[in-house]
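Chains as they are written, first to last, in my numbering: chain D, 5 to 126; chain R, 7 to 93; chain Y, 75 to 320; chain E, 127 to 234.
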């Protein structure tokens with residue numbers, strides 16, 4: 005039954021592509037940061053969705069043990085990778101927003117076309 | 007199509023619609039809040055995939071802190087909504 | 075770049091990538107071993123029962139770290155170097171925010187209305203207690219240091235926005251000592267067991283709070299560190315009221 | 127036990143539906159906030175207690191969730207209404223008593 009993994013993979017891929025469209029077509033720095041956030045969410049969904057299989061339980065043993073095969077749990081390694089990736093994404097977004105605030109204070113604009121290099125250097 | 011499939015399909019479609027709204031919306035605060043909705047739907051998808059740790063982290067960070075951070079940065083920079091047209 | 079060119083480029087990428095993706099989807103046959111490759115299988119069996127059998131039984135002891143939550147075991151024990159590097163990256167990002175936005179601005183923050191400012195400390199206390207539960211039980215239930223620390227930062231954000239108080243200076247100290255404590259735990263593992271970040275505190279019964287004291291200590295350290303970093307970093311973004319010196 | 131849970135969940139779903147209808151039907155921001163917050167709070171309480179009847183060991187956490195919702199939902203709706211009033215959205219009716227009260231305060 006691969007319908008679900010297909011839906012997840014294609015949905016995550018289209019989320020990435022919508023974020024890429026937002027990054028390519030906007031000149032507003034704030035919208036660029038929003039597009040980067042969309043792309044990041046899409047990549048995280050794709051990594052975890054690639055390890056999905058039907059009926060996979062959350063990888064938590066619980067306090068009441070039964071005799072269970074290890075194969076009945078979902079794969080924990082992509083989840084661990086994505087767990088750290090989300091927090092790093094927040095740090096990167098915050099740094100980008102701080103740069104945007106400085107850009108606005110320096111050049112009175114957040115448009116990437118109107119911002120000239122000489123103005124920044126003054 | 008089982009019931010789980012239909013649920014995942016609906017959540018994915020809502021998420022993609024929210025992402026399209028982020029890209030096309032005029033108002034910047036509205037776009038930031040829409041990004042929060044996309045993160046919330048992604049958290050639901052993580053939960054359906056059997057990853058509750060990632061779902062909690064995505065819900066707290068993506069839908070809560072990140073949206074507040076966007077709005078606070080707009081406010082701190084003093085960006086007006088009127089100059090935000092990108093055409 | 076205009077929109078037509080962007081749509082054309084995205085369509086090109088989509089066609090290529092989706093073609094590769096669909097042609098590589100497995101057919102009727104399920105993935106080999108339900109999709110677990112060898113390394114995640116090894117992590118799961120080692121966490122569960124020392125890598126001997128394929129099943130998990132009640133009362134298993136003498137495990138490697140005796141954590142119920144396998145994701146926690148992978149994040150903190152088997153891939154502890156990754157987590158150390160990740161915390162360092164977060165520290166670098168927050169230090170960059172402090173460099174960019176910090177300064178000698180000491181104006182008064184405008185508090186919210188009376189209803190919010192009188193109710194904000196109670197809500198912040200509730201959020202902080204919940205997040206302490208989340209990061210102390212990181213090896214028993216879903217959660218852990220990263221979401222717990224982010225929730226503490228959210229609580230402090232509510233206090234800052236609602237009551238107009240500033241983030242205190244002690245956060246920088248907590249951040250520094252958090253990093254030092256993480257490395258100290260790693261060095262203790264090096265001295266006692268011979269390898270950096272190895273489990274030096276032993277392991278007890280699976281499913282109890284003190285059964286896996288090593289992961290508990292590490293996640294508490296990470297929780298405090300992430301909370302201090304995010305709180306002090308977000309405090310820089312709060313807009314201040316112009317002109318009023320009080 | 128399960129019948130009581132089903133009844134509570136049904137009440138919660140009904141109130142949430144009424145809140146959603148109110149969001150569409152109501153004329154202005156303040157009425158919409160009223161519908162969207164109060165009905166949804168009651169709906170959430172019903173759903174949480176009903177789920178507690180289905181799974182009795184979750185009951186303490188559900189009670190904590192209800193306490194949190196009851197603490198925060200009125201605050202958020204109050205703050206949204208205050209923000210809408212600050213940026214100058216007029217209510218639908220003729221009387222704006224809060225504006226006249228603030229005008230009184232400024233005159234003093």
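In this text, a Cβ means the ideal position worked out from N, Cα and C, and glycines have one as well. Predicted model only: the values in this text are computed from it and were never measured.
Residue 136 of chain E: first and last residue of the uninterrupted alpha helix (DSSP H) it sits in: Position 10 of the fourth chain holds residue 136 of chain E. Segment 128-151, the alpha helix (DSSP H) holding residue 136 of chain E.
Cβ of residue 54 of chain D within 8 angstroms of any chain R Cβ: As a working note, residue 54 of chain D is residue 50 in the first chain. Among the CB atoms of chain R, none fall inside 8 angstroms of the CB of residue 54 of chain D.
Measure the alpha-carbon distance for residue 143 of chain Y versus residue 295 of chain Y and round it to whole angstroms. Sequence index remark: in the third chain, residue 143 of chain Y carries index 69 (1-based). Sequence index remark: in the third chain, residue 295 of chain Y carries index 221 (1-based). In this model, residue 143 of chain Y and residue 295 of chain Y are separated by some 18 angstroms (Cα to Cα).
Is there at least one Cβ from chain Y nearer than 8 angstroms to residue 204 of chain E's Cβ? Mapped onto the fourth chain, residue 204 of chain E falls at position 78. Contacts with chain Y at 8 angstroms (Cβ-Cβ) include residue 204 of chain E.
Are any of the Cβ atoms in chain Y nearer than 8 angstroms to that of residue 87 of chain D? As a position in the first chain, residue 87 of chain D is number 83, starting the count at 1. Contacts with chain Y at 8 angstroms (Cβ-Cβ) include residue 87 of chain D.
Terminal residues of the alpha helix (DSSP H) in which residue 47 of chain D lies: Stepping through the first chain from its first residue, residue 47 of chain D is reached at position 43. Residue range 33-54 is occupied by the alpha helix (DSSP H) that includes residue 47 of chain D.
If I measure Cβ to Cβ from residue 42 of chain R and keep anything under 6 angstroms in the same chain, skipping five residues before and after, which residues do I get? Within the second chain, the letter at position 36 stands for residue 42 of chain R. Closer than 6 angstroms at the Cβ level, and outside the excluded window around residue 42 of chain R, lie 69, 73.
When you check each C-beta in the region 144-168 of chain Y against every C-beta of chain R, which residues fall closer than 8 angstroms? Listed in sequence order: 145, 146.
How do the region 140-158 of chain E and the region 200-219 of chain E stand: do at least 3 beta-carbon pairs fall below 8 angstroms, yes or no? In short, these stretches touch, since the Cβ pair count reaches three.
Between the Cα of residue 45 of chain D and the Cα atoms of R/64, R/57, R/31, R/75, which residue gives the shortest distance? Locating residue 45 of chain D in the first chain gives position 41, counting from the first residue. Cα-wise, what sits closest to residue 45 of chain D is R/64.
Three or more beta-carbon pairs under 8 angstroms between the region 11-29 of chain D and the region 11-28 of chain R, yes or no? Segments in contact, yes.
Terminal residues of the alpha helix (DSSP H) in which residue 248 of chain Y lies: Here residue 248 of chain Y refers to the residue found at position 174 when the third chain is read from its first residue. In this chain, the alpha helix (DSSP H) harbouring residue 248 of chain Y covers 244-267.
Would you mind reading off the limits of the alpha helix (DSSP H) that contains residue 81 of chain R? Indexing the second chain from 1 puts residue 81 of chain R at position 75. Per DSSP, the continuous alpha helix (DSSP H) segment holding residue 81 of chain R begins and ends at 72-83.
Pairwise C-alpha distance: residue 27 of chain D and residue 230 of chain Y: Taking the third chain and counting its residues from 1, the one referred to as residue 230 of chain Y is at position 156. Taking the first chain and counting its residues from 1, the one referred to as residue 27 of chain D is at position 23. Those two C-alpha atoms are separated by around 32 angstroms.
Does the beta-carbon distance from residue 148 of chain E to residue 169 of chain E come in below 8 angstroms? Counting from one through the fourth chain, the residue named residue 148 of chain E turns up at place 22. Counting from one through the fourth chain, the residue named residue 169 of chain E turns up at place 43. Taking C-beta atoms as the reference points, residue 148 of chain E and residue 169 of chain E fail to come closer than 8 angstroms.
Tell me the DSSP bridge mates of residue 61 of chain D? One-based indexing of the first chain puts residue 61 of chain D at position 57. According to DSSP, which records beta bridges pairwise, residue 61 of chain D is partnered with D/77.
Cβ-based neighbour list, residue 274 of chain Y, same chain, cut-off 6 angstroms, excluding 5 preceding and 5 following: Walking along the third chain from the start, residue 274 of chain Y turns up at place 200. Counting only Cβ-Cβ distances below 6 angstroms, and skipping sequence neighbours, we find 262, 263, 266, 267.
Bounding residues of the alpha helix (DSSP H) (the contiguous stretch that carries residue 64 of chain R): Position 58 of the second chain, counted from the first residue, corresponds to residue 64 of chain R. Counting along the chain, the alpha helix (DSSP H) containing residue 64 of chain R begins and ends at 58-64.
List the residues of chain Y that residue 78 of chain R touches, going by C-beta distances under 9 angstroms, in chain order. On the second chain, position 72 is the one that residue 78 of chain R refers to. Under the 9 angstroms cutoff, chain Y gives 231, 235, 308, 311, 312, 313.
Closest Cβ-Cβ distance between residue 73 of chain R and chain D: below 8 angstroms? Here residue 73 of chain R refers to the residue found at position 67 when the second chain is read from its first residue. Output row for residue 73 of chain R: interface = no.
Would DSSP call residue 154 of chain E helix, strand or coil? Residue mapping note: residue 154 of chain E aligns to position 28 of the fourth chain, counting from 1. Residue 154 of chain E: coil per DSSP, three-state reduction.
Three or more C-beta pairs under 8 angstroms: does that hold for the region 282-290 of chain Y against the region 130-140 of chain E? Touching, no.
Our contact map puts residue 212 of chain Y next to residue 146 of chain Y with C-beta atoms below 8 angstroms; I'd like the distance itself, whole angstroms only. As a position in the third chain, residue 212 of chain Y is number 138, starting the count at 1. As a position in the third chain, residue 146 of chain Y is number 72, starting the count at 1. At roughly 5 angstroms, the Cβ-Cβ gap stays under 8 angstroms, so residue 212 of chain Y and residue 146 of chain Y are in contact.
In chain order, what residues of the same chain have a beta carbon less than 8 angstroms from the beta carbon of residue 193 of chain Y, not counting five sequence neighbours either side? Sequence index remark: in the third chain, residue 193 of chain Y carries index 119 (1-based). Once the five neighbours on either side are set aside, the close Cβ partners of residue 193 of chain Y are 236.
Do the CB positions of residue 165 of chain E and residue 141 of chain E come within less than 8 angstroms of each other? In the fourth chain, the residue the question calls residue 165 of chain E occupies position 39. In the fourth chain, the residue the question calls residue 141 of chain E occupies position 15. In this structure, residue 141 of chain E lies closer than 8 angstroms to residue 165 of chain E by Cβ.
Which residues, taken in chain order from the region 185-204 of chain E, show a beta carbon closer than 7 angstroms to some beta carbon of chain Y? Closer than 7 angstroms at the C-beta level to chain Y, one finds these residues of the region 185-204 of chain E: 194, 197, 198, 201, 204.
Are the C-beta of residue 77 of chain Y and some C-beta of chain D separated by less than 8 angstroms? Taking the first residue of the third chain as 1, we reach residue 77 of chain Y at position 3. Yes, because at least one Cβ of chain D sits closer than 8 angstroms to the Cβ of residue 77 of chain Y.
Rounding to the nearest angstrom, what Cα-Cα distance links residue 35 of chain R and residue 78 of chain R in this structure? On the second chain, residue 35 of chain R is found 29 positions in, with the first residue counted as 1. On the second chain, residue 78 of chain R is found 72 positions in, with the first residue counted as 1. Cα to Cα, residue 35 of chain R sits roughly 10 angstroms from residue 78 of chain R.
Can you have a look at residue 183 of chain E and say buried or exposed, based on whether 16 or more other CB atoms are within 10 angstroms of its CB? Position 57 of the fourth chain holds residue 183 of chain E. By the 16-neighbour rule on beta-carbons within 10 angstroms, residue 183 of chain E is exposed.
May I have the straight-line CA-CA distance separating residue 20 of chain D from residue 22 of chain R, to the nearest angstrom? Here the question's residue 20 of chain D lines up with position 16 in the first chain. Here the question's residue 22 of chain R lines up with position 16 in the second chain. One C-alpha to the other measures close to 10 angstroms.
Rounded to a whole number of angstroms, what is the C-alpha to C-alpha distance between residue 83 of chain R and residue 255 of chain Y? Here residue 83 of chain R refers to the residue found at position 77 of the second chain. Here residue 255 of chain Y refers to the residue found at position 181 of the third chain. CA-to-CA, the gap between residue 83 of chain R and residue 255 of chain Y works out to about 36 angstroms.
According to DSSP, is residue 143 of chain Y part of a helix, a strand, or is it coil? The residue labelled residue 143 of chain Y in the question sits at position 69 within the third chain. In the three-state scheme derived from DSSP, where H, G and I count as helix and E and B as strand, residue 143 of chain Y is classed as strand.
From residue 115 of chain D to residue 131 of chain E, what distance separates their C-alpha atoms? Locating residue 115 of chain D in the first chain gives position 111, where the first residue counts as 1. Locating residue 131 of chain E in the fourth chain gives position 5, where the first residue counts as 1. Going from the Cα of residue 115 of chain D to the Cα of residue 131 of chain E covers about 55 angstroms.
Taking the straight line between their C-alpha atoms, what separation do you get for residue 38 of chain R and residue 28 of chain R? Residue mapping note: residue 38 of chain R aligns to position 32 of the second chain, counting from 1. Residue mapping note: residue 28 of chain R aligns to position 22 of the second chain, counting from 1. Each residue's Cα considered, the two are about 7 angstroms apart.
Within the 8 angstroms Cβ cut-off, does residue 92 of chain R reach chain D? In the second chain, residue 92 of chain R corresponds to position 86, counting from 1. Reliability of the predicted coordinates at residue 92 of chain R is poor, the pLDDT of 46 falling under 50, and the value obtained from them is presented with this limitation in mind. For residue 92 of chain R, at least one C-beta of chain D is nearer than 8 angstroms to its own C-beta.
Going along the chain, which residues of the region 25-51 of chain R sit with their C-beta nearer than 8 angstroms to a C-beta in chain D? Cβ contacts with chain D: 25, 26, 28, 29, 34, 37, 38, 41, 44, 45, 48, 51.
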